[in-house]
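Protein sequences, first through last, are from chains P and G.
Mapping to this note's numbering: the first sequence position 171 is 171, numbers consecutive.
Here this note's numbering runs 1000 ahead of the position in the second sequence, where the first position is 1.
C-beta atoms are modelled at their ideal positions from N, C-alpha and C, and glycine is treated no differently.
Every value quoted in this text rests on a predicted model; they were computed, and no experiment measured them.
Contents: one structure, followed by commentary.
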Amino acid sequence: MFNDNRENTQLKKKSKSSFLFLNLNFHLCVLILFFSPHLKSQNTGSAFETFSIGINYQSNINQNDFHKYWLAEGGIEGYFAAPFYFGTTQFGLTYTSFSAKSDQQPDFESFLFYLQWGYKFNLLANFSLAFNTSTGLFQMNFDDFDLEVDPGLLSERELVMGVNTVISYTFYKDWNINFQLLYLHVFTHKKIELVNLSLGISKTFLSPKWLKEFLN
Amino acid sequence: MIVRSRIVLFLFCISLNAIAQNHIISNQKLISSGINRLSGIYALMNEWDSYTFDGYRYYASANALSTFQNQDWTLMLDGQRMDINFFNLKNINVLPITVNHVNSAETVSHPEIYNGEFTANGSINLKTLKPKNGLSVTGRYSAGNETGDPGPYFYTKHRSSNVEEDGPNLSASLEYGSENIWGRLFFYTESFSATDTSMRKRNPQLGWQDFKGRRFSPSLQLGLRAFNGTHNFFLGYSTSEIQPFHPRTYTSNDLIFFNPAIKDYPVQTVFKHAGLNGNVSITSTSQIYYSIKASSNKLYSALKELDNFDHLQTNYYTNLHYSNTGGINYFLGAGFDYTEFSVSYSSTTKGVSLFKAYGGMDYRLFENLISQTGLEFQISKNSPALKGYLNTQWIQSNKLWVKINAAAIQTLPEEKSDLWHWIENGYDVFKGLNVNYSFKGKRNKEFKITTDLNVNYKMNPSLNFMAGLLYRNFNNYFIEEVMGVYNPDSSFFNSFVKANTNSNGSIAGFSIRFNNKILSTLEQSFQYRFLTSVSGGLSFNNEWETIPNHKLNYNVMFYPFKSFSLWANLTFLSPVKLRYYPKLEELSNGFYKSSLAERFILDFSIRKWFWNNRLRFNLLFKNLLNNELRYHPLGAEFNLSVFFTAEIVFNSIVEW
């Protein structure tokens, strides 16, 4: 009992110290980002002056309780992004299918409708780095495998919140390659946590006057 | 000398508007907060308390003028009284209008005569937006989702039950506006569900469809500027019987928590209202205000075995008010109220007639001391009642002023026309509901004394401090004491009700508040309120313990661009106790608790408009901290919820 307690205390201390270490690292990163001479905010342009359209392929990389039951197949994301009054904004849709690991659970497909806001910094050469936070609706459509279930339960929606960081490289005029690390938290009773990596391409356009007026 | 008299005149004008301390919730605040239903307005009213069982129907208490049991505060729409009460239920969402058509909400939190009504228990007056010139069309969609659904885990050992959802709620209006005539044809259909485990567990007799609610609410508003005045006609209808745009038809579309039975009943409710009010200027300094209306409320059980639970309450009301502002400011008025109650199981129909006459005046004892006093005499078939108030303001300077509101109010049992009044008059409202009850003596006139002292210091045009004290004394106060014993075998409560007709006691409290406009686009406000009973019997104290002793609120509104705003509201509520359920925790194996712990509630709203304000989107996060949140120990638990609203507005598409 005593040993257990000691182990627990040590574990807590360890996790606390790793948390502090991570926290310190995070703050250092933030400081470096802010004071680096190469960094320049890309968020000073007027809102909706330009807009980008992009597409990403997403792959789920983490493992937790959720993954005992389902395997996330690759996801496809399409989005529209633009500079906002401060920072940048983006809305998009991600489609992912989840296949069950046993016949006790149904397969399901998800549609994530999201809205995102973040800040983007220019790095060296044609690289940029962005930190974003997002919220949206995670729509889950289950395969009709159990007829005894209330039909209303074959489709469910749940709030999702997420954070992500994106490294972009402008390889030709307004064309970008984007590499993203994304964390999603679905607010179901037992939470679903997904960590995804994504790779994609986007193109930036100058907004026509009518679009700028519409969005402003 | 001229300058001095001008200052005095200026101070006099300010004070007349401010003596009563009516609080106005602006259109900007209503919009920025992103509230999707009218009941959301309670969250913006710091002086009021509110709670809900299911997230749809709310109970409110204005500035400690009454407990949650007495939903006798006055609701008005453009100054027209709306009698949406049934027994002690007052669901503001029954009003056939949506929040996007509300220009402002004026709350009266002290007794005074307001639009011909003595606001003994407070008042809310919703003022609608006047339609723009020409023909306009609006549409609105809103929906909400509470987090905590089972999701895919429903098919695993981690299975849990579904939680509440709100909507879809759809409304549309066709409007016409001009300088002298305007109108609005409005349709609204809303849906909601209360599927929380604690509610389902208490009601094992109900199927899942009984927890779903539907309502259809059309209305017609007409306005006219004529005969030296403005006139408003409102025709409203709200029913749970009709379910447009919903493919599945359920037997019931409304669910009420019936406190004496400690049970929820699937019901149908129908509200009808036709009214006309307005004013006519006789001279440049005198006006006549009038109001006339007829309304009815129908409430009946959707369960066949309870077909006796079928009630209709009809009200006819008229009021005439004369106001003079030349020389001496005074007003005189008279009104008549007739409420009729009929039930399906008896051919007897009984009614209550109330006649009132009132008057009041503003006067100044000294240069900086301005008072307003009002007196109302009311008489029913059985007895008379008097209500009076004195509101005084001392203006020390244009920075510092002190307000005192004092009132002595007698209330007739007939005025309340609540459940117990009709039972006392021979109606067997509890027939078939298995409720045991007894009256503790004959119900008499209630007598209430209220005093409020508020000191206001305006440090500069953007920073305002306020501190206040309040005291209330109640005599012959009516309390419905519901003792509920939980039966773990049936999951029902066995209830016994004592209609306590002569409870006495007093309460006291204080508050501090500041409002600060940090920038032209950034506002914040803070308020703390303490409230406690200081004397009284056990039942009186128990009843006031349902209102939190400590309430703290911090609000921020940021609108940096004309088409974008952010709003956040943090509320702290101290623990509340409900002593009417003995051994509840023990008998329910810890599932129900008879008290609520302290609660921190953070709401956050983002609003963005597009297309020159024609297209409006709003996201509202309620309980963003996702803390355990209940407003009643037997009610639903509200997790983090998100509400989405989209509006489309085409103003003046055709101009005449």
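Just the chain G side, please: which residues come within less than 9 Å of residue i by C-beta, in chain order?
i, result
"Q104/P", "Y1155, T1156"
"E158/P", "N1145, T1147, G1148, D1149, G1151"
Buried or exposed: which applies to residue i, given that a residue is buried once 16 or more other Cβ atoms fall within 10 Å of its Cβ?
i, result
"P1548/G", "buried"
"V1649/G", "buried"
"F98/P", "buried"
"G74/P", "exposed"
"V1654/G", "exposed"
"P83/P", "buried"
"R1630/G", "buried"
"Y172/P", "exposed"
Is residue i helix, strand or coil by DSSP?
i, result
"Y114/P", "strand"
"I1097/G", "coil"
"Q180/P", "strand"
"Y1042/G", "helix"
"G1327/G", "coil"
"L1375/G", "strand"
"T1348/G", "strand"
"P1111/G", "coil"
"T1197/G", "helix"
"W1073/G", "coil"
"R1215/G", "strand"
"I1423/G", "helix"
"G1590/G", "coil"
"R1607/G", "strand"
"R1202/G", "helix"
"D1362/G", "strand"
"I1084/G", "coil"
"D1149/G", "coil"
"E77/P", "strand"
"Y1631/G", "coil"
"D962/G", "Past the boundaries of the shown model lies residue 962/G; chain G is included only from 1001 to 1656, so the question cannot be answered."
"Q63/P", "coil"
"L1433/G", "coil"
"N1368/G", "coil"
"E273/P", "No statement about residue 273/P is possible, as the shown extent of chain P runs from 1 to 216 and does not include it."
"E1598/G", "coil"
"T44/P", "At T44/P the pLDDT is 47, less than 50, meaning the model places this residue with poor confidence; the figure from the coordinates comes in the next sentence. The answer is coil: DSSP assigns T44/P none of H, G, I, E or B."
"Q104/P", "coil"
Run down chain G in chain order and give the residues with a C-beta less than 8 Å from the C-beta of residue i.
i, result
"V186/P", "G1151"
"N215/P", "Strictly speaking, residue 215/P in this sequence is Leu, with Asn absent from that position. The contacting residues are F1610."
"F108/P", "P1152"
Name the chain P residues whose beta carbon is nearer than 9 Å to that of residue i?
i, result
"P1560/G", "Y85, F86"
Name, please, each residue of chain G whose Cβ falls closer than 7 Å to the Cβ of residue i.
i, result
"K190/P", "Y1153, H1158"
"F113/P", "Those do not exist, as F113/P stays about 10 Å from chain G at its closest Cβ, beyond 7 Å."
Counting only Cβ pairs nearer than 7 Å, list the residues of chain P close to residue i.
i, result
"V1343/G", "Here the premise fails: no neighbours, minimum Cβ distance about 36 Å."
Between residue i and the ligand NAP, is there a pair consisting of the residue's CB and a ligand heavy atom that are separated by less than 7 Å?
i, result
"E1585/G", "Within the structure as shown, the ligand NAP is missing, as the structure has no ligands at all."
Q: Could you name the residues of the region 64 to 85 of chain P whose beta carbon sits closer than 9 Å to any beta carbon of chain C, in the order they occur along the chain?
A: Chain labels in this structure do not include chain C; the protein chains are P and G.
Q. Does the region 1424 to 1438 of chain G touch the region 1308 to 1316 of chain G, meaning 3 or more C-beta pairs lie closer than 8 Å?
A. yes
Q: Say whether the region 1289 to 1297 of chain G touches the region 1270 to 1280 of chain G, bearing in mind that this needs 3 or more beta-carbon pairs closer than 8 Å, one atom from each stretch.
A: yes
Q: Could you tell me whether the region 1138 to 1145 of chain G touches the region 1165 to 1172 of chain G, using the rule of 3 or more Cβ pairs below 8 Å?
A: yes
Q: Check whether the region 163 to 170 of chain P touches the region 115 to 135 of chain P, taking contact to mean three or more Cβ pairs, one atom from each stretch, closer than 8 Å.
A: yes
Q) At a Cβ cut of 8 Å, what residues of the region 1542 to 1573 of chain G count as close to chain P, listed as they run along the chain? A) P1560, F1561, S1563, F1564
Q. So, do the region 1123 to 1135 of chain G and the region 1367 to 1386 of chain G have three or more beta carbon pairs nearer to each other than 8 Å?
A. no
**Q.** Members of the region 1623 to 1656 of chain G that neighbour chain P once the beta carbon cut-off is set at 7 Å
**A.** L1640, V1642
Q) Should the region 1038 to 1051 of chain G be called in touch with the region 1128 to 1143 of chain G, which here means at least 3 C-beta pairs below 8 Å? A) no
Q) Does the region 1274 to 1291 of chain G come close enough to the region 1402 to 1421 of chain G to have 3 or more Cβ pairs within less than 8 Å? A) no
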